[in-house]
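Position 21 of the sequence shown, counted from 1, bears residue number 21 in full-length UniProt numbering, the numbering being contiguous throughout.
The C-beta atom is built at its ideal place from N, Cα and C for all residues, glycine as well.
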Amino acid sequence: MTKADIIEGVYEKVGFSKKESAEIVELVFDTVKETLERGDKIKISGFGNFQVRQKKARVGRNPQTGKEIEISARRVLTFRPSQVLKSALNGEAPPENHAEIDAQEEAAADAAEARGEDFDEGMEEGEE
């Protein structure tokens, strides 16, 4: 799906003109981008959380030569889907208490972050 597809969907479902639909979609994406650039979290109930994390510099290895190289510090964007989205992707009914489950997961993620730990469930190193 492209941005043009999203604009078309807004146009068809909401009834705004194509120009208005494009402006709304652009505004949403600009707001998301600006929020993430500041390093703030985005929490969308029933969808998931976007968060910018700082990764430290580390030593890696060139797989072709085996030579060690330094991988510079950088910011990475992570996304954690909500229970509702996870259920939808797996063809399951959403949990009845999905808001409570999402809140518990968010609290656990915040606590892990405060301790300086990662809370990316099921995410292997390098999958980011």
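Quick one: is residue i buried, meaning 16 or more other Cβ sit within 10 Å of its Cβ, or exposed?
i      : result
Gly122 : Since pLDDT at Gly122 reaches only 40, below the 50 mark, its modelled position is unreliable, and the value read off the structure follows with that caveat. By the 10 Å Cβ count, Gly122 comes out exposed.
Ile71  : exposed
Gln83  : buried
Ser45  : exposed
Arg80  : buried
Gly91  : exposed
Distance check for residue j and residue i, CA to CA, integer angstroms please.
i           : j      : result
Leu77       : Ala114 : 18 Å
Ala108      : Lys43  : 15 Å
Ser87       : Gly60  : 36 Å
Phe16       : Glu23  : 10 Å
residue 133 : Glu68  : The structure shown does not extend to residue 133, since the chain is modelled only from 1 through 128, so no value can be given for it.
Ala112      : Glu106 : 10 Å
Gly66       : Ala57  : 19 Å
Ala103      : Val10  : 29 Å
Asp110      : Gln54  : 15 Å
Phe47       : Pro63  : 37 Å
Glu20       : Pro95  : 36 Å
Are residue i and residue j close, meaning C-beta to C-beta below 9 Å?
i     : j     : result
Phe50 : Leu27 : no
Lys18 : Glu8  : yes
Gly39 : Arg75 : yes
Lys3  : Val32 : no
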